[in-house]
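From first to last, the protein sequence lines are chains A, B, C and D. Numbering of the first sequence is given in this note's numbering, commencing with residue 1 and proceeding in unit increments. Numbering of the second sequence is given in this note's numbering, commencing with residue 1001 and proceeding in unit increments. Numbering of the third sequence is given in this note's numbering, commencing with residue 2001 and proceeding in unit increments. Numbering of the fourth sequence is given in this note's numbering, commencing with residue 3001 and proceeding in unit increments. Ideal Cβ placement from N, Cα and C applies to all residues, glycine included. Keep in mind the model is a prediction, meaning the values are calculated, not measured.
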Amino acid sequence: MSKQVIENLRSTFGDRVDISEHNERRVYVTVSNEDWIPVTRHMYEVEKGRLCTATGSDRSTGIELLYHFGMDQHGTVVNIRTTLDKPFPKIESLTKYYPAADFIEREIFDFLGVEFTGHPDPRKILSSHDRPADFHAMRRDE
Amino acid sequence: MASTLGLILSFLIFPGLLFTAVGGLATQWVDRKVSALVQWRVRPPWFQPFADILKLLGKEIVIPVGAKRAGFFLAPLAGLAAVGVVSTILWLTNLRGVGFVGDLIGVLYLLTIPSLGIILGASASSNPLASVGASREMKLVLAYELPFVIAIFTAVTKVSPMTLRLDSIIAYQEANGVLLGNASCILAFIVCILVAQAKLTYPPFDIPEAETEIMDGTHMEYSGAALAVIKLQQAMMLFTLPIFFITLFWGGLQFSGWNILYTIVKYLIIVTIIVLIKNTNPRVRIDQAVRFFWGPISLIAVIGMVLAILGF
Amino acid sequence: MSTTIPIGPFHPVLEEPEYITLQVDGETVLSADIDLGRIHRGMELLAQEKTFDQDCFLVERICGICSASHSWATALAIEDAAGVGPTPRARYLRTIVHELERLHSHMLWVGLAGHIIGYWTVYMWGWKYREPVLDALEAITGNRNNYAWYCPGGVRRDVPDELWPEIMKQMDEFADNTNMLIGAVLDDPVILGRLKGVGILTKEDAIAYGTLGPTARGSGVDIDLRRDEPYGAYAECDWDVIVQPDGDLLAVSVVRLLEMLESVKIIKQCIQNLPGGEIRNEIREVPRGEGIGHVEAPRGESFHYIRTNGTNMPERHKMRAPTFLNIPSYRPRVKGETISDATVIFAIIDPCYSCTERMAAIDPTGKRIANGHDLIKLSHQKTEWLKKNI
Amino acid sequence: MGATSWGFKKSLWVFHLNAGACNNCDIEVLDCLCPKFDVERFGIKLVGSVKHADVLLVSGSVPRKVVPELIEAYEQAPKPCAVVALGACGCTGGIFKDGYNFAGPVDKHIPVDAYVPGCPPRPEAIIGAIVKLIGTL
C-alpha cells in the first residue's frame, strides 16, 4: 500500500531522505533539519497526507520531532522524523502552510520548549498560567 | 376611607398579590406535570413550586460587585407589583363587576412593566451576559407589543358599542355569545397565545434567559429573596395572562353553579396549550423571533382586525 | 466597539471547564479564542509508569464517553510494536463494544444538542433511548463506560452466548427509535431554522484545519478510518460511510444521526458471524521499537504512538484525541454568527475537552520526577543558569 | 426558620462543576435527570448559574489551572449550599493522584459535605448520596 508513497518520496528527494519500512502500513522517514519544511510540505500538498499529530520526545540524542501523516487513500501512516539540538531547539513552523499544525506545534512548544519560527500565535496551550514562563514539563536536561 | 382600605386589602390579600401568587404556583405545578408527561418523566410533588420559593427566601442574597444596588432590587419588585395590580383589576371586574373606563388600557400598560423590570434589573447587575440578556428582552418586547395590541383591539372593535371597559365586554359576551365564536377573534386569540409565550419567556421564545447560552441571562446575578421575587412574578404572570384572555375572548369567569367547572376547564385548556408549545419546539434565535412576530403574527393580527371591522 | 463575552469556565453547555472568550459586536461574533488546560492531568507521565496492561486501563480515563476507542488504539499500538495480532473472536468482540459505544456517544450528543438549543423534549427522549445501549454495554463488559475490557492481544473477559439474542432485540428497538427521532428532528421547521445554513465549514477549510470524524464528513471530506485502514472486524461487515456535502450544522447532525443506523448494522452482522475460540493472544515480550495505533472514535480518529525500550513499560506514549484537531475548526465557523449560534457551534463538534489534555513529564535515568514541586525547583535552577549565561 | 429549611430539603437546585474530570461523572449526573432515573420527582433541578445553586456537584481531580476558578465559584454560591465530591477523582484524586499537574482532591480547596466514590459512580449511587445529603442538612 505504501509502495507508491515511498517511490514519490525517493524520486523527489533522492538520498536526503532515508526511509525505513516498519511494516506495510507504517513508514518512518528520517530527515535533516534543513529539508524539514520541503518534505512536510510535500507530504501535505502533493501527497494529500493528513497531519494526525506530532510527537515530541526528549531523547539522549536531542529533541526528536515526529510528524505523523495519515495517508487515507492508501491506509498507511508516514512518519517524518528529525532531531533538534538540545539546549535551545528551533525549527521552522508548518502552520503557515498547514493551519492544522497550529495547536499541535503550540503543544510541543508548551512541553518541550521547541521554538517554532513563524508560528502565528506561539503561546503555551495547556500549562497553567501560574507556571514560570520557561517551565517545560517534558524537558529533562536540567 | 373604608373603600380605599378595602381596595388596599383586596390588592394585598384577596385577588391581589397573595391569591395570585398561590394561583401562579399551582399553575406552575400544572406546567411541570404536563411537561413531565410529555417527556416520560414522573412529575415533582404538588408543593414543589412552593418549596422552591420558600427555599429561595431562606438563601443568602449575593450582590455582585459594581451592581447598582437600588435598581438591582427595586426593578423586580416593580414588576411583581404590576402583575399584582393587573390580577386585582381582572378579578374585581369578573367577581363584582367593578370597572372604570380604560381599565383595558391600564392592563395593557401594566403587563409590560414586568419586562421593563427584568431589563432594568439585568442591566443593573453589571454582568456582560446579563446585559446581553437585557438587550434580547428589549428586542423581544418591541417584537411582540405590536401584534399584541392589534389583537386586543380586534376584541374591542368586535364588541358593538365600542367600549374600553372590561366589564362591558363581559356583559356584551353574556348578551350575545362568546367572542371566540367569530373568525376575527379566533385569529386574535391565536396571536395572544403566542405573545403570552413570549411574555412568559417560555421556549421557543426564552431567548432572554437562555439557560444554556447565556447562563440564565437576565436573572443570572440574582439569588436568594431577589430571585424568589422574579420566580414569583413569572408564576403570577402565568396565572394572570390566561385569565386576561378568558375575560376578553371567552366570556369572563362565572362562578355560578356549573359555570365554575366550565371556567376551570377553559383556564386549564389555555395553560395546557402554552405548556405544549413550550415542550414541543426549541429556542429560536432573537432575530428569528423578531422576524416571526413582525412577519406572520402581525399579518394574522391585521387580518383579524380587518375581519372584525367588516363585521364577522 | 467589541465587548468580550466569557463562556465558561463553568457553563451548562460545556461539559468541561473551558474558558472561551468571544469578541462580540452587538450580537454578532467577531472572533473567539479558547483557553484549554483545565483538565490537563499529566496523563502521559502516568502512562510511562504503567505496564502495558495497566496502560490500557489508565488510557480509558482520558474521556468518559470515548473510553473504548482510546484503550483499543493503545492495544493496537502495543500489538503493532510487538508484531502480534488479536484472535478473530477478540476482533469481533472489540468491534461490537466499540460500535455500541458509538451509539451511546452519538445519542448523548443528540440529547445535548437538543438541550443547547433549548429543546428539552429531544434531550429527554434522546437519553431515554440511550439507556438500553448502556445496559447492553454493562451486560457485556460489566460497567456502563470505562470498561477495563480491552487489553493488548485481545479482550479480558469472554461473553456468554445467551446474551446475544437480548442485545439483538435491543438493537432493533434502538433502530426504530432512532428512525423516529430522525423523522421528528429533521422535519421540525424551528430546528431547521436553528441548524440550516449556520456555521458553515467549507471542504477546503475542513482539510486545512485537519478536522476529523463527523465534523469533517459533514463538510464533504470522505475520511473514515474503519474503511481506509480496516482494523477489528470492519472489513468483514458491509456498511457505508455517511458524507454530507454542505458543511453546516445540519449536515453534521445528519451525519451523526445516520451513522447510528450504520453502527446498528455493523453490530448485528458482528453478532451473527461471531467466531468461537480464544479471546486473547498472550503477548510475552515487546521488543524495542515503535508502534502506532489509531481508531475511528465517535468524534474522529484518536491516535496513539508508543515507543518501547524492551521493558514492559512504554518509554514514550503520545495520545491525541480527535477534539484537539476539531477545536480550531470552529474559528471559521463562528465568524459572523450570533451568540446563541456560537454555543451551538461549540457543541457541534461534540467537544470532549477531557480528551484534549493529557501531557506528561520525564523518566530517563530512573530519577522519577513525579510531583509539581521538583519540576518547579528544576525550572528555577534553569532560570538561574540562563541568567548567568546570557 | 423551619419553613425555609423544609424548602431547602424539598427543592435542591444543582449546579455542576467539572474541575478536571473526564466527564464520565458529569454524564452520570445528567443521566440522573433523564427519564430512567428521574430526580425531578425529588425537586432536584439543574440550574444555569452558580448564583441559583444549592448543591455544587464537583467532579474531577483538581489540576492547578482550575483551582482559582473553583474557589471563586464556591464563594459565589449563596450559602447555605452543599458541596458533593463526585467520583474517585473528586474524593481522593483517584488514578491521577501522582500526576505532575495534580493539585489535591476537591476537599483540599473547598469544604465537602458528601463523597460519591466510583468511577463513574452509578446514577443510583449519586441519588443515594443526594438522599443522604438531604438527611444531614
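Along chain D, in chain order, which residues have C-beta atoms closer than 7 Å to that of Trp1040/B? Chain D residues near Trp1040/B: Pro3035.
I'd like to know whether the C-beta of Gly3128/D is nearer than 7 Å to at least one C-beta of chain C. no
Under 7 Å Cβ to Cβ from Gly1066/B, same chain only, skipping five residues before and after it: list those, please. Ser1126
Once you ignore the five residues that flank Gly1947/C on each side, which residues in its own chain have a CB closer than 6 Å to its CB? Residue numbering for chain C in the displayed model covers 2001 to 2390; residue 1947/C lies beyond these limits and cannot be assessed.
Rounded C-alpha distance that separates Glu3028/D from Pro3123/D: Glu3028/D and Pro3123/D have their C-alpha atoms some 6 Å from each other.
Going by CA-CA distance only, name the one from Val3047/D, Gly3048/D, Leu3033/D that's closest to Arg3041/D. Leu3033/D
Can a CB atom of chain C be found closer than 7 Å to the CB of Ile19/A? no
Grouping DSSP H, G and I as helix and E and B as strand, with all else coil, what is Arg1069/B? Note: Arg1069/B maps to helix in three-state DSSP.
My output table needs one value for Asn1182/B: the three-state DSSP class, helix, strand or coil. coil
Proximal residues of chain A, C-beta to C-beta of Glu2301/C below 9 Å: What Glu2301/C touches in chain A: Arg50, Cys52, Gly70.
Relative to the C-alpha of Ala1082/B, which residue among Ala1301/B, Tyr1262/B, Thr1093/B, Met1236/B is closest? Met1236/B
So is Lys3010/D buried or exposed if we call it buried at 16+ other beta carbons inside 10 Å? buried
Which residues of the segment 3002 to 3030 of chain D have a Cβ closer than 9 Å to any Cβ of chain B? Give them in chain order. Ala3003, Thr3004, Ser3005, Trp3006, Gly3007, Phe3008, Lys3009, Lys3010, Ser3011, Leu3012, Trp3013
For chain C, is any of its Cβ atoms less than 7 Å away from the one on Val1030/B? no
Given Arg2089/C, which residues of its chain have a CB within under 6 Å of its CB, disregarding the five upstream and five downstream residues? Pro2275, Gly2277, Ile2279
So which residues of chain D does Ala100/A contact, with C-beta pairs closer than 9 Å? Correct list: empty, because the minimum Cβ distance to chain D is about 24 Å.
At a Cβ threshold of 7 Å, is Gln1254/B touching chain C? no
Range covered by the alpha helix (DSSP H) that runs through Pro2314/C: Under the DSSP assignment, Pro2314/C falls outside any alpha helix (DSSP H), being part of the beta strand (DSSP E) whose first and last residues are 2314 to 2320.
Just how far apart, CA to CA, sit Ile2271/C and Ile1207/B? Each residue's CA atom was taken as its position, placing Ile2271/C and Ile1207/B some 47 Å apart.
Three-pair Cβ contact test at 8 Å for the segment 2326 to 2334 of chain C versus the segment 2291 to 2298 of chain C: no
According to DSSP, which residues form a beta bridge with Trp3013/D? Lys3045/D
Distance between Asp2025/C and Ser2031/C (C-alpha atoms, nearest Å): When rounded, the distance between both Cα atoms is 10 Å.
Give the DSSP-derived three-state secondary structure of Gly56/A in the structure shown. strand
Residues that Arg2280/C bridges to, as DSSP identifies them: Gly2154/C
Counting C-beta neighbours from all protein chains within 10 Å, is the total for Gln4/A 16 or more, i.e. buried, or is it exposed? It is exposed - the Cβ of Gln4/A has fewer than 16 other Cβ atoms within 10 Å.
Interface positions of the segment 3036 to 3065 of chain D facing chain B (Cβ-Cβ less than 8 Å), listed along the chain: Asp3038, Glu3040, Arg3041, Phe3042, Gly3043, Val3047, Gly3048, Ser3049, Lys3051, His3052, Asp3054
Note down, in chain order, every chain D residue with its Cβ under 7 Å from the Cβ of Ser1223/B. Lys3051, His3052, Pro3078
Classify Asn79/A as buried or exposed, calling it buried when 16 or more other Cβ atoms lie within 10 Å of its own Cβ. buried
Provide the residue span of the beta strand (DSSP E) that contains Thr2074/C, from first to last. No beta strand (DSSP E) holds Thr2074/C; the alpha helix (DSSP H) holding it covers 2067 to 2082.
Please identify, using Cβ separations under 7 Å, the residues of the segment 2118 to 2137 of chain C that lie next to chain D, in order along the chain. Met2124, Trp2127, Lys2128, Glu2131
Looking at chain A, is there any beta carbon in it that lies within less than 7 Å of the beta carbon of Lys2387/C? Legend: pLDDT at Lys2387/C = 46, less than 50; position of this residue unreliable, no value from coordinates given.
Who does His68/A pair with in a DSSP beta bridge? Thr53/A, Asn79/A
Which same chain residues end up closer than 7 Å to Glu2138/C when comparing Cβ atoms and leaving out the 5 residues on each side of it in sequence? Cβ-Cβ distances below 7 Å link Glu2138/C to Arg2144 in the same chain, with the five nearest sequence neighbours on each side left out; the list follows chain order.
Give a yes or no on whether the minimum CB-CB distance between Val78/A and chain C is below 7 Å. no
Buried or exposed for Pro1296/B, going by 16 or more other Cβ atoms inside 10 Å? exposed
In angstroms, rounded to a whole number, what distance separates the CA positions of Ile1300/B and Gly2199/C? 32 Å
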